[in-house]
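So the sequences go chain by chain: A and B.
According to my numbering, the stretch in the first sequence is residues 53 to 331, in order.
According to my numbering, the stretch in the second sequence is residues 3 to 352, in order.
Notes to accompany the following structure.
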Amino acid sequence: MTARRLRAAVILAISAVFLLAWAFPIIWSVLNSFKTDSDVLAYPPKLIFSPTLGAYREVLFGSGSILPNLVSSMIISVGTTIVTMLMAIPAAYALARLRFHGKKFAGFYVLTTQMLPPVGIIIPYFLVLQTIGWIDTYQGIILIYLSFSLPFAIWLLVSYFEDIPLEMEEAAYLDGASRLRTLWRIIIPQVRGGIAVTVVFVFLNAWNEFLFAVVLSGNTVRPVTVAMFNFVSVEQTLWAKLAAVSVLAMLPVVVLGVVAQKQIVKGLTIGAVKGGGRR
Amino acid sequence: MTGRGHVKFRDIVKMHGEFAALKGVSFDIEPGEFFALLGPSGSGKSTTLRILAGLDAPTAGHVFIDGKDVTSTDARDRDIAMVFQSYALYPHMTVAENIAFPLEMARLPKAAIGSAVKEAAQKVKIEHLLGRKPGQLSGGQQQRCALARAIVRKARLFLLDEPLSNLDAKLRLETRAELKKLQRSLGVTAVYVTHDQEEAMTLADRMAVFMAGEIQQVGTPAEVFAQPNSIDIAGFIGNPPMNLVPARYTNGDILVAGHRLKTAARLPDERDVIAGLRPSALRIAPDGLKAQVDLVEDLGDMAVLDLNCGGTIMRMRVGDHDVPREGDTIYVTARPQDIHLFDPTTRKRL
């Protein structure tokens, strides 16, 4: 009994350390976002201070408002998610079910695109977009994001589709349903969890993306991850504002995480446990 | 309704790469018949059902339903209902929605669907479960739901792929009887796949026995039981299965383990044969074949004996009275008409 208690205490202590290490930057950002610039730089750091919404007011409605950047990020992320899902669902279904020439290669290709180091393809991407005049456009960034979100989404969804027993589809055909109808009425409702998980991941990947955005965006289309750096310059860093923008940028992620938590956990376990999707 | 559901299989071949799953299968099913496809696993019976349903295409040959060649007709245009071994219920729909699905696909008006669903549910006694999801049903209830979904459309053919194999033994017997009554009352043609010879014997009007991708015999259960036309069928049908022992045929008699038994067969020459004797056909007689009782399996109302007849092992079924004891020596014989003779090389009935 005591050995078990000791074990629990050790596990708790280790978890606490990890949690603190993980939560520290977030706590730091949240705290500093409510401080004035002078409070941020105070030494030793103040834990007790009079909170202010000044930084938020400034970054949202001041001269260098990041509101348009938040909107840009939203358009890019939502656009990427919609286009990705529209293409990934039929593609994943096809890979999971249909027999066609080159299927093995297609599956492998989808996976290899995930292994490329992003840095290696930024310049080719830049040149391609430049040639077709899509630098600093929504369609340009969404197109590039598709190149990695689509394989990822397909790869994730295939396992969900494969978990649906083939007999279920055959039953639907015999009941008089076409393949498309079967997909829509029988298959997709059963992979809802997997689709929800995929939507969340694709959205978050697009929302959090920085590397491609910094190269391929410009003054017209500038997502918030890139715009944040307006507050970092050679002379000084506007910590309070940077923290406020960080918190704002984190908000959708947190909201999505909370809303979809149940689906994500369920979806992940369904993917892991064979046959668990038949509920 | 009568006259619907005539099935004709002609020379159906199904290749899986180099492997022939079906090697030229032909048979006919009459309208209103309960027809069983019986055979051990891997014998081609399920493949046959899938080809009939249109879920698999044959490599060669033709399938006719009601006189029309449907070999290349889509499954959904064949007007066939099927109960799958796994039931294949749609887990995200309620029982009512599951049963309604085929009618919805047929674009029936809503009101008609509602009453048809109720009627089908009543027939299989699940009308109190219509609002539930399949996950909330027991195995037996899921099975009934699958049945209801299959009968609701009044399709011309009703296919069942080992529908009872996932039920426990008691429920299986109950459902078996109900299934037969249901099929009779609907008057629909049913094709039933099973590896359980008892199921086929009790349910089917006629059956086709599959062995290694071929139909070895088609007939009523009684015919197949009484006149199995190959060693494989003789060993497959009946429980416990027929004793198959090497013997020498001479002039109307056979010599088994040094003992002469009279047969009804008239073969032209003296030759080696395989003699088939059902465990229930063996009886005790003082002038019979000497046998030692190795083992007694008492089943209550009867017993199965393992007999050692000078090295030849046979099984025998006896009633609950006069059961010999293990180690006893008894003498057994069989009536001439109960002795089946088979060719050891072709394995066919002689």
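Built from N, CA and C at the ideal position, the CB exists for glycine as well.
- Euclidean distance between Cα positions of L195/A and I173/A: As a first step, residue 195/A must be located in the first sequence, where it is residue number 143. As a first step, residue 173/A must be located in the first sequence, where it is residue number 121. Rounded to the nearest angstrom, the two C-alpha atoms are 14 Å apart.
- Message: Using only CA atoms, which one of A114/B, M95/B, D198/B lies nearest to S43/B?
- Response: The residue given as residue 43/B occupies position 41 in the second sequence. The option with the nearest alpha carbon to S43/B is D198/B.
- Query: When the cut-off is 7 Å and only beta carbons count, does A65/A lie next to chain B?
  - Reply: Residue mapping note: residue 65/A aligns to position 13 of the first sequence, counting from 1. With 7 Å as the cut-off, A65/A does not count as an interface residue toward chain B.
- Message: Please tell me whether A258/A and S129/A are closer than 7 Å, where the distance is taken between their beta carbons.
- Response: As a position in the first sequence, residue 258/A is number 206, starting the count at 1. As a position in the first sequence, residue 129/A is number 77, starting the count at 1. Yes, the pair counts as a contact, with Cβ atoms nearer than the cut-off.
- Message: By the three-class DSSP mapping on this structure, what secondary structure does I216/A have?
- Response: In the first sequence, counting from the first residue as 1, residue 216/A sits at position 164. DSSP places I216/A in coil when its eight states are reduced to three.
- Message: Cβ closer than 7 Å: which chain B residues qualify as neighbours of D227/A?
- Response: Residue numbering aside, residue 227/A sits at position 175 when the first sequence is read from its first letter. Those within 7 Å of D227/A in chain B are F103, P104, M107.
- Message: Tell me whether the segment 90 to 103 of chain B and the segment 216 to 225 of chain A touch, counting them as touching only if at least three CB pairs, one residue from each stretch, are closer than 8 Å.
- Response: Touching, yes.
- Nearest chain B C-beta to E214/A closer than 7 Å, yes or no? Taking the first residue of the first sequence as 1, we reach residue 214/A at position 162. So no, E214/A is outside the interface.
- Query: Roughly how many whole angstroms lie between the Cα atoms of I138/A and P203/A?
  - Reply: The residue you call residue 138/A lines up with position 86 of the first sequence. The residue you call residue 203/A lines up with position 151 of the first sequence. Here residue 138/A turns out to be Leu, not Ile, going by the sequence shown. Taking the straight line from one Cα to the other gives about 13 Å.
- Message: Under 9 Å, CB to CB, which of the residues in the segment 118 to 147 of chain B have a partner in chain A?
- Response: K135, P136, G137
- Check each candidate in A143/A, I184/A, R231/A, L303/A and name the one with the smallest Cα separation from N260/A. In the first sequence, residue 260/A corresponds to position 208, counting from 1. Considering only alpha carbons, the answer is L303/A.
- Taking all protein chains shown into account, do 16 or more other C-beta atoms lie within 10 angstroms of the C-beta of T335/B, making it buried, or fewer, making it exposed? Position 333 of the second sequence, counting from 1, holds the residue named residue 335/B. Per the 10 Å Cβ criterion, buried.
- Task: Using the Cα positions of S81/A and L147/A, report the straight-line distance between them to the nearest angstrom.
- Result: Your numbering for residue 81/A matches position 29 in the first sequence. Your numbering for residue 147/A matches position 95 in the first sequence. Roughly 43 Å between the two C-alpha positions.
- Message: Could you check whether the Cβ of Q191/A sits closer than 7 Å to any Cβ belonging to chain B?
- Response: Here residue 191/A is taken as the residue at index 139 of the first sequence, counted from 1. Not one chain B Cβ lies under 7 Å of Q191/A.
- Task: At 8 Å on the CB atoms, spell out the chain A contacts of F86/B, in chain order.
- Result: If you number the second sequence from 1, residue 86/B lands on position 84. The contacting residues are E219, E222, A223.
- Task: With 8 Å as the limit, tell me which residues of the segment 242 to 262 of chain B have their beta carbon closer than that to any beta carbon of chain A; keep them in chain order.
- Result: none
- Through-space distance from D79/B to L54/B, alpha-carbon basis: Here residue 54/B refers to the residue found at position 52 when the second sequence is read from its first residue. Here residue 79/B refers to the residue found at position 77 when the second sequence is read from its first residue. Roughly 12 Å between the two C-alpha positions.
- Query: Checking contacts by CB at 7 Å: is H94/B closer than that to chain A?
  - Reply: Taking the first residue of the second sequence as 1, we reach residue 94/B at position 92. By this cut-off, H94/B is an interface position.
- Message: Let's see if you can read the secondary structure: which residues bound the beta strand (DSSP E) around Y251/B?
- Response: On the second sequence, position 249 is the one that residue 251/B refers to. Looking at the DSSP string, the run of the beta strand (DSSP E) that includes Y251/B is 245 to 252.
- Query: Do three or more CB pairs link the segment 233 to 247 of chain B to the segment 308 to 325 of chain B at distances below 8 Å?
  - Reply: yes
- Task: Please check if any C-beta of chain B sits within less than 7 Å of the C-beta of I247/A.
- Result: Stepping through the first sequence from its first residue, residue 247/A is reached at position 195. Chain B contact via Cβ: absent.
- Query: Beta-carbon of R158/B versus every beta-carbon of chain A: anything under 7 Å?
  - Reply: Numbered from its first residue, the second sequence carries residue 158/B at position 156. Not an interface residue.
- Message: As a quick exercise: from T222/B, G215/B, T75/B, pick the residue whose alpha carbon is nearest that of H18/B.
- Response: Mapped onto the second sequence, residue 18/B falls at position 16. Of the candidates T222/B, G215/B, T75/B, the one whose C-alpha sits nearest the C-alpha of H18/B is G215/B.
- F255/A versus T133/A - alpha carbon distance: By one-based count along the first sequence, residue 255/A stands at place 203. By one-based count along the first sequence, residue 133/A stands at place 81. So the alpha carbons of these two residues sit roughly 6 Å apart.
- Message: Please return the same chain residues whose Cβ sits closer than 6 Å to the Cβ of A83/B, not counting the five positions on each side in sequence.
- Response: The residue labelled residue 83/B in the question sits at position 81 within the second sequence. So the list reads A152, R155, A157, F160, once near-sequence residues are dropped.
- Item | A312/A versus T177/B - alpha carbon distance | In the first sequence, the residue the question calls residue 312/A occupies position 260. In the second sequence, the residue the question calls residue 177/B occupies position 175. Rounded to whole angstroms, A312/A to T177/B spans 43 Å at the Cα level.
- For L64/A and R57/A, the rounded distance between their alpha carbons: Position 5 of the first sequence, counted from the first residue, corresponds to residue 57/A. Position 12 of the first sequence, counted from the first residue, corresponds to residue 64/A. One C-alpha to the other measures close to 10 Å.
- Item | Three or more C-beta pairs below 8 Å linking the segment 59 to 72 of chain B and the segment 118 to 129 of chain B | no
- Whole angstroms is fine: what's the gap from L294/A's alpha carbon to R244/A's? As a first step, residue 294/A is located in the first sequence; it is residue number 242 there, counting from the start. As a first step, residue 244/A is located in the first sequence; it is residue number 192 there, counting from the start. Their backbone Cα atoms lie some 37 Å apart in a straight line.
- CB contact below 7 Å: I238/A versus chain B: Looking up residue 238/A in the first sequence gives position 186. Chain B, which has a Cβ nearer than 7 Å to the Cβ of I238/A, makes this yes.
- Query: For the segment 181 to 194 of chain A against the segment 30 to 45 of chain B, are there 3 or more C-beta pairs whose distance is under 8 Å?
  - Reply: no
- Task: With DSSP collapsed to three states, give me the class of V65/B.
- Result: On the second sequence, position 63 is the one that residue 65/B refers to. Note: V65/B maps to strand in three-state DSSP.
- Per-residue contacts from R78/B into chain A (C-beta, under 8 Å): As a position in the second sequence, residue 78/B is number 76, starting the count at 1. Below the 8 Å Cβ cutoff, chain A contributes Y225, L226, D227, G228, A229, S230 as neighbours of R78/B, in chain order.
- Item | 8 Å CB neighbourhood of I14/B in its chain, flanking five on each side removed | On the second sequence, position 12 is the one that residue 14/B refers to. Closer than 8 Å at Cβ, skipping near neighbours: L24, G26, V27, S28, T50, I53, P60, A62, G63, H64, V65.
- Message: Suppose you measure from the CA of V325/A to the CA of P217/A; what does that come to, to the nearest Å?
- Response: Reading the first sequence from its first residue, position 273 is the one you call residue 325/A. Reading the first sequence from its first residue, position 165 is the one you call residue 217/A. Note that V325/A scores a pLDDT of 42, beneath 50, so its modelled location is shaky and nothing firm can be said.
- Message: I'd like to know if M3/B contacts chain A, where contact means its C-beta is closer than 7 Å to some C-beta of that chain.
- Response: For the purposes of this step, residue 3/B is taken as the residue at position 1 of the second sequence. With a pLDDT of only 43 at M3/B, under the threshold of 50, the placement of this residue in the model should not be trusted, and no figure is reported.
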